[in-house]
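J.: Numbering (the working numbering), first residue to last: 1402 to 1693. Cβ coordinates follow ideal geometry from the N, Cα and C atoms, glycine included. After the structure tokens below, expect a handful of questions from me.
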């Protein structure tokens, strides 16, 4: 009853996001998922612009396997970024800056999240990653927000291709979205989120229920801080305002971390960016006390 009473407000809040600034670094300019691959993705050479704070990168020993150092003269790994439903690559710009500052090459990808079916988007994600794998000597890592994580799972549900590196999913609805269960029948919700958004429910017909365990290295970071009490009243247990902590989990993941951030802004948070870098380097999140 509460969901129906407040449905127009809830739906407006679901799709309303604050704009994020574009990257100040030219080589981090966003690309469309359907664009031809760039001739070359530039490795970082200069420090991050002074107005952008670099993430705190853990030093010293880490838990889990540490990737072998790159051969002399080889380029650093490529990291592809995939934003969430109703967002754009601009929402991932701070993360792109942080990864670039940490020494990675970065491709920040735009895709039409509300203008195509989930299956069509997953096929386009797979095609772009496979195109990169066909020419890259080293692994390709992926960092996703929200629905972007499910697109990667769907793209490689039949098996990970050789060369796929580590994947960090930020606030993914891996078990489906309880909000879609509540709001998905409303025509205005389907208009706002598209067919892909409407397919993210927790039921047997939702895309989440049709995906198997991951068979590649996945680390999941989710939040437990909500900016929307109305949404949280519809979600069981701790949540980030859109996704429950339990829903973020996926069978086969290597590591799982809950941080005190919201769904909308988790990918912009300094500590989260540092943990993303740590997982891409080490295959595990940093569990050490920061005061040690």
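Determine the extent of the alpha helix (DSSP H) in which residue 1694 is found, giving its start and end residues.
T.: This structure gives no information on residue 1694, because the portion of the chain shown stretches from 1402 to 1693.
J.: What separation, rounded to the nearest whole angstrom, lies between the Cα atoms of residue 1640 and residue 1483?
T.: Taking the straight line from one Cα to the other gives about 22 Å.
J.: Smallest Cα separation from residue 1532: which of 1680, 1638, 1675, 1434?
T.: Residue 1532 has its Cα closest to that of 1434, out of 1680, 1638, 1675, 1434.
J.: Does at least one heavy atom of the ligand MN sit under 7 Å from the Cβ of residue 1546?
T.: Ligands are entirely absent from the displayed structure, and the ligand MN is therefore not among its contents.
J.: For residue 1594 and residue 1515, what's the separation of their Cα atoms in angstroms?
T.: The straight-line gap from Cα to Cα measures roughly 5 Å.
J.: Give the single residue among 1656, 1432, 1666 whose Cα lies nearest to the Cα of residue 1569.
T.: Residue 1656 is the option with its Cα nearest to residue 1569.
J.: Tell me the residue span of the alpha helix (DSSP H) that contains residue 1594.
T.: Start and end: 1588-1599.
J.: Pick out the complete alpha helix (DSSP H) segments inside the region 1554-1592, 4 residues or longer, and give them in chain order.
T.: With a minimum length of 4 residues, the continuous alpha helix (DSSP H) runs that stay inside the region 1554-1592 are 1579-1584.
J.: Report back the beta-carbon spacing between residue 1635 and residue 1583 to the nearest angstrom; my notes put them in contact at under 8 Å.
T.: Confirmed, about 5 Å.
J.: Are there three or more Cβ pairs, one per stretch, closer than 8 Å when the region 1483-1501 is compared with the region 1530-1549?
T.: Yes, they touch.
J.: Kindly provide the ranges of any beta strand (DSSP E) runs that are 3 or more residues long and lie completely inside the region 1487-1539, ordered along the chain.
T.: Whole beta strand (DSSP E) segments, 3+ residues: 1506-1511.
J.: Just the Cα atoms here: how many angstroms apart are residue 1580 and residue 1431?
T.: One C-alpha to the other measures close to 29 Å.
J.: With DSSP run on the structure shown, which of helix, strand or coil describes residue 1648?
T.: Three-state DSSP puts residue 1648 in a helix.
J.: Where DSSP assigns a beta bridge to residue 1481, which residues make up the other side?
T.: DSSP output for residue 1481 lists 1508, 1543 as bridge partner(s).
J.: On the DSSP letters alone, give me the boundaries of the beta strand (DSSP E) that residue 1674 sits inside.
T.: Run containing residue 1674: none in the beta strand (DSSP E); it sits in the alpha helix (DSSP H), 1671-1683.
J.: Look at the Cβ atom of residue 1555, then the Cβ atom of residue 1612, and state whether they are nearer than 8 Å.
T.: Result yes, Cβ atoms of residue 1555 and residue 1612 sit closer than 8 Å.
J.: Nearest by alpha-carbon distance to residue 1603: which of 1576, 1542, 1537 is it?
T.: Measuring from the Cα of residue 1603, the nearest candidate turns out to be 1576.
J.: According to the Cβ coordinates, are residue 1690 and residue 1676 closer than 8 Å?
T.: No, the pair does not count as a contact, with Cβ atoms beyond the cut-off.
J.: Could you work out which residue in 1682, 1571, 1566, 1562 is closest to residue 1694 when comparing CA atoms only?
T.: Here the chain comprises residues numbered 1402 to 1693, so residue 1694 is not present and cannot be evaluated.
J.: From which residue to which residue does the beta strand (DSSP E) around residue 1658 run?
T.: From DSSP, the beta strand (DSSP E) with residue 1658 extends over 1656-1660.
J.: Which partner residues does residue 1623 have in the DSSP bridge list?
T.: Answer by DSSP bridge pairing, in chain order: 1659.
J.: Going along the chain, which residues of its own chain have a beta-carbon closer than 6 Å to the beta-carbon of residue 1667, five neighbours each way excluded?
T.: Cβ neighbours of residue 1667 beyond the five flanking positions: 1571, 1572, 1624, 1673.
J.: State yes or no: is the C-beta of residue 1596 within less than 8 Å of the C-beta of residue 1680?
T.: Taking 8 Å as the Cβ cut-off, residue 1596 and residue 1680 do not qualify as a contacting pair.
J.: Rounded to the nearest angstrom, what separates residue 1670 and residue 1592 at their Cα positions?
T.: Cα to Cα, the separation comes out at about 30 Å.
J.: Rounded to whole angstroms, how far is the Cβ of residue 1618 from the Cβ of residue 1684, which I believe are closer than 8 Å?
T.: 6 Å between Cβ atoms; contact.
J.: Using only CA atoms, which one of 1574, 1479, 1578 lies nearest to residue 1651?
T.: Taking only the C-alpha atoms, the option nearest residue 1651 is 1574.
J.: Taking the CB atoms as reference points, tell me whether residue 1620 and residue 1660 lie closer together than 8 Å.
T.: Against a cut-off of 8 Å, the Cβ pair of residue 1660 and residue 1620 comes out as no contact.
J.: Per DSSP, which one or two residues make a beta bridge with residue 1432?
T.: DSSP lists 1510 as partners of residue 1432.
J.: Give a yes or no on whether the C-beta atoms belonging to residue 1438 and residue 1501 are separated by under 8 Å.
T.: Not a contact, by the Cβ cut-off of 8 Å.
J.: Can you list, in chain order, the residues of its chain with a C-beta nearer than 7 Å to that of residue 1731? Leave out the 5 residues immediately preceding and following it.
T.: The chain is shown from 1402 up to 1693; residue 1731 falls before or after that span and cannot be answered.
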